[in-house]
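Peer 1:
In this note's numbering, the protein residues as written are 47 to 183.
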């Protein structure tokens, strides 16, 4: 679980361990990451009730983690940046979601923020991901 900030809003996605898109939520930039992340992960839990654990980056360590520990009894691992790190280093488990964002940004329509509504942005992300998966067959 991670979010990406665009010019007009934020994108939150939930992926499986292979990087396949399970759930997407696009919202305005004035909503905090933890609230948008809670909504997105709850939406993924509704669609896929067999999810037993999750992993998120450091931006989700507060309200997000507490919500799923208390109300859903799901373990959330937070991958924090290593303090002694020099230069770029891949963080464990987080690279799967970052790789999915990289796949999505290869789509010309998603490279800039062309969409005027959040629903059309979510639809274009799903179409782009479906095209990526079909190209791999």
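Where a beta carbon is used, it is the ideal one built from N, C-alpha and C, also for glycine.
(1) Among residues of its own chain, excluding the 5 on either side of residue 74, which ones have a beta-carbon nearer than 7 Å to its beta-carbon?
(2) Nearest to residue 112 by CA position, among 103, 84, 95 and 97, is which residue?
(3) Suppose contacts are defined by Cβ-Cβ distances below 8 Å. Is residue 59 in contact with residue 172 by that definition?
(4) Do residue 90 and residue 67 count as a contact pair if the criterion is CB distance below 8 Å?
(5) Spatial neighbours of residue 61 within its chain, please: CB distance less than 7 Å, with the 5 preceding and 5 following residues excluded, ordered by chain position.
(6) Hey, how far is the Cα of residue 119 from the Cα of residue 177?
(7) Less than 6 Å between C-beta atoms, sequence neighbours within five positions excluded: which residues of the same chain meet that for residue 155?
(8) Run through DSSP, which three-state label would residue 107 get?
(9) So for residue 183, helix, strand or coil by DSSP?
(10) Can you grab the Cα-Cα spacing for the pair residue 116 / residue 181, in whole Å?
Peer 2: On the basis of the supplied data:
(1) As a position in the chain shown, residue 74 is number 28, starting the count at 1. So the list reads 55, once near-sequence residues are dropped.
(2) Residue numbering aside, residue 112 sits at position 66 when the chain shown is read from its first letter. With distances taken between Cα atoms, residue 112 lies closest to 84.
(3) Mapped onto the chain shown, residue 59 falls at position 13. Mapped onto the chain shown, residue 172 falls at position 126. Taking 8 Å as the Cβ cut-off, residue 59 and residue 172 do not qualify as a contacting pair.
(4) Counting from one through the chain shown, the residue named residue 67 turns up at place 21. Counting from one through the chain shown, the residue named residue 90 turns up at place 44. Result no, Cβ atoms of residue 67 and residue 90 do not sit closer than 8 Å.
(5) Indexing the chain shown from 1 puts residue 61 at position 15. Once the five neighbours on either side are set aside, the close Cβ partners of residue 61 are 67, 68, 142, 143 and 146.
(6) The residue labelled residue 119 in the question sits at position 73 within the chain shown. The residue labelled residue 177 in the question sits at position 131 within the chain shown. Each residue's Cα considered, the two are about 35 Å apart.
(7) Taking the first residue of the chain shown as 1, we reach residue 155 at position 109. So the qualifying residues of the chain are 170.
(8) Against the chain shown, residue 107 aligns to sequence position 61. It is coil, neither helix nor strand.
(9) As a working note, residue 183 is residue 137 in the chain shown. Residue state, collapsed to three classes: coil.
(10) Along the chain shown, read from residue 1 onward, the residue named residue 116 stands at position 70. Along the chain shown, read from residue 1 onward, the residue named residue 181 stands at position 135. So the alpha carbons of these two residues sit roughly 41 Å apart.
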